[in-house]
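Protein sequences, first through last, are from chains A and B. The opening position of the first sequence corresponds to residue 1 in this note's numbering, with each subsequent residue numbered one higher. The opening position of the second sequence corresponds to residue 1 in this note's numbering, with each subsequent residue numbered one higher. Read the structure below first, then the notes.
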Amino acid sequence: METREVILQELPRLRRFAYALTSSKADADDLVQNTVVRLLKAGLPENVAPIPWMMRVCKNLWIDELRSRSVRMKAADQIERDHEQQDDAGSRQLQGNLDLQRVNQAMASLSDEHRMTLSLIAIEGMSYAEAAEVLGVPIGTIMSRLARARKQLHQKLNNELLVTAK
Amino acid sequence: MKEYDILQLSAYMDKQLDAAATAELERRLEQEPELRQYLEQLGAIEDDLRLELDSINDEPLPEALQQLLAEDAGSPAQPEGDNVVAFPNRRSRQFWPAAIAASITLGLGFIFGMNQYSANGPGSLMDQVLQPSGAFAQALDSQASGTAAPVGSSQIDMELSFVHHNGALCRQYLVHSQQSAIRSVSCKTDGQWKTVVMAPTVYAAADNTQYLPASAQETPAIISYLSEHMAGIPLNAEQERQQLEATAK
């Protein structure tokens, strides 16, 4: 299959992964744009599983983007700006769906490594071995990051629920 | 919750525990309500996370990305050699049509490039699907599923109709010109037909003597879209007629 056909086929998945990385739909589509440019330029390597390859390129580009930013914004500030951007763009809002907004905020509060790991395994359905290949870490690291990410999400969301209930 | 328990639960969620560890954990889940509740909460969080992350695919693709992928359109598919086998007719009214190719699911109001196009060139076929209007829109408004209608130099085969979760009437159809084809779903909102998903495919006419593998006609993206967005099952003939009359008003 040609590179472009693979990209076309997996574009929804790539967008979803980019959204998980960036916590911003606007940033996600920018990241996807840059990723597609890179993928088309490089071409699908022979004997390489296409999906992990695409995810790896996307992940690396996002890491480059983070490094190039002059100031690392805090996750809460990032979400606030993103919501403003989304309101301005008129994109569809999850009006009244506070649970999903809270989950997105909680996800954004994770470290980049934890967010990437959780996204690849829990959302994209990759195996531990595939995720380890994409992220360039041992499988044991994948397991511990996953557990930590899940624990942190649970803590953050559970604490918010407890506060709400009071 | 103990760190060890969280590690176990996390691995269990991903089916990474061996048989013995799985059996032990499941025994504990039966006997320890707190552990079971924690696992359920972890699962619920990820269900919500998946919903939220999936929502980006309801947004239209940025125009720059659309153009980027459209500019990189590949060359048209070449027909197979002379050693051909007659391909059976497609069923006129099938829920899961059969043709495979690269495909894309898009938010409402999208544009996308295709990697296969007919000898007449990609523009006319794609333009009709991307912006249903005129005779094309009339076909969507009135042509019953299981029938076909000419639209310019192409033909539109209506395949099925369904109601979207958001209440809109949607129609699945195949637009083809010679051997190239696009399978699409368009939904009617605010009196206008808008195409929400499209997939290039290959068309096998009744009198076609060219060999085409069965897998060549599948469009997984269309199937996936219907699975996710269709309320209930496709409309029968009477339901479809009523919906078309109602949306024509």
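Quick reminder that beta carbons are idealized off the backbone N, C-alpha and C, glycines included.
Looking at the strands, I want to know which residues DSSP matches up with residue i.
i	result
W193 (chain B)	B:K188
H176 (chain B)	B:Q155 and B:A181
R160 (chain B)	One point to set straight first is that residue 160 (chain B) is Leu, not Arg, in the sequence displayed. Answer is B:Q172.
M107 (chain A)	According to DSSP, which records beta bridges pairwise, M107 (chain A) is partnered with nothing at all.
P150 (chain B)	B:Q155
A199 (chain B)	B:R183
Report the neighbours of residue i on chain A: residues whose CB is nearer than 9 Å to its CB, in chain order.
i	result
E6 (chain B)	Correcting the residue type first, residue 6 (chain B) is Ile in the shown sequence and not Glu. Within chain A, the residues near I6 (chain B) are A147, R148, R150, K151 and H154.
Taking the straight line between their C-alpha atoms, what separation do you get for residue i and residue j?
i	j	result
Y38 (chain B)	R50 (chain B)	18 Å
S180 (chain B)	V48 (chain A)	30 Å
N83 (chain B)	T201 (chain B)	With a pLDDT of 28 at N83 (chain B), under the threshold of 50, the modelled position of that residue is not reliable, and the figure given next carries that caveat. The straight-line gap from Cα to Cα measures roughly 21 Å.
G232 (chain B)	R145 (chain A)	40 Å
R183 (chain B)	A199 (chain B)	5 Å
S153 (chain B)	E2 (chain A)	29 Å
L230 (chain A)	A11 (chain B)	Nothing in the structure corresponds to residue 230 (chain A), since chain A is present only between 1 and 166.
W62 (chain A)	D157 (chain B)	43 Å
D190 (chain B)	L244 (chain B)	14 Å
Q101 (chain A)	G136 (chain A)	30 Å
A102 (chain B)	L65 (chain B)	Reliability of the predicted coordinates at A102 (chain B) is poor, the pLDDT of 29 falling under 50, and no value is obtained from them.
E26 (chain B)	A221 (chain B)	37 Å
Q67 (chain B)	G167 (chain B)	31 Å
P138 (chain A)	D27 (chain A)	29 Å
K41 (chain A)	P234 (chain B)	42 Å
G155 (chain B)	V103 (chain A)	Note that residue 155 (chain B) is Gln in the sequence shown, not Gly. About 46 Å.
S55 (chain B)	Q155 (chain A)	24 Å
E24 (chain B)	V185 (chain B)	48 Å
E159 (chain B)	A148 (chain B)	9 Å
G134 (chain B)	S227 (chain B)	30 Å
Does the distance from the C-beta atom of residue i to that of residue j stay below 8 Å?
i	j	result
I123 (chain A)	L53 (chain B)	yes
V57 (chain A)	T35 (chain A)	yes
I45 (chain B)	A147 (chain A)	no
Q143 (chain B)	F136 (chain B)	no
A106 (chain A)	L39 (chain A)	no
T219 (chain B)	L169 (chain B)	no
V197 (chain B)	Y225 (chain B)	yes
T117 (chain A)	A129 (chain A)	no
D48 (chain B)	D99 (chain A)	yes
M54 (chain A)	E10 (chain A)	yes
T195 (chain B)	P150 (chain B)	no
K59 (chain A)	V134 (chain A)	yes
R67 (chain A)	L69 (chain B)	no
A20 (chain A)	R150 (chain A)	no
W193 (chain B)	L140 (chain B)	yes
Closer than 8 Å by beta-carbon distance: list the chain A residues that pair up with residue i, in chain order.
i	result
N57 (chain B)	P12, R15 and R16
Q16 (chain B)	Y128 and M143
Against residue i, what residues of chain B qualify as contacts under a CB-to-CB distance less than 7 Å, listed in chain order?
i	result
A20 (chain A)	L53
I51 (chain A)	Going along chain B, no residue has its Cβ under 7 Å from I51 (chain A), so there is no contact; the nearest lies around 14 Å.
M107 (chain A)	L49
For residue i, return the contacting residues in chain A, with the cut-off set at a CB-CB distance below 7 Å.
i	result
R50 (chain B)	I123
P62 (chain B)	D29 and Q33
If you drop the 5 nearest sequence neighbours on each side, which residues of the same chain put their C-beta closer than 6 Å to that of residue i?
i	result
D30 (chain A)	none
M126 (chain A)	L120
R36 (chain B)	L29
M230 (chain B)	F162
Using C-beta distances below 7 Å, list every residue in its chain close to residue i, excluding the 5 sequence neighbours before and after it, in chain order.
i	result
V219 (chain A)	Since the first residue shown for chain A is 1 and the last is 166, residue 219 (chain A) is missing from the structure and cannot be characterised.
N236 (chain B)	none
E240 (chain B)	A144, S145 and S161
V32 (chain A)	L14, R15 and A18
L42 (chain B)	L9 and M13
Among residues of its own chain, excluding the 5 on either side of residue i, which ones have a beta-carbon nearer than 8 Å to its beta-carbon?
i	result
S75 (chain B)	Since pLDDT at S75 (chain B) reaches only 38, below the 50 mark, its modelled position is unreliable, and no value is offered.
H164 (chain B)	C170, C187, H229, M230 and A231
Run through chain B and tell me which residues come within less than 9 Å of residue i, C-beta to C-beta.
i	result
D112 (chain A)	By Cβ distance, chain B contributes nothing, its closest Cβ being about 16 Å from D112 (chain A), past 9 Å.
Using a C-beta to C-beta distance shorter than 8 Å, which residues of chain B count as neighbours of residue i?
i	result
D99 (chain A)	D48
Taking 8 Å as the CB-CB limit, is residue i close to chain E?
i	result
K25 (chain A)	Looking at the structure shown, chain E is missing, and the protein chains on hand are A and B.
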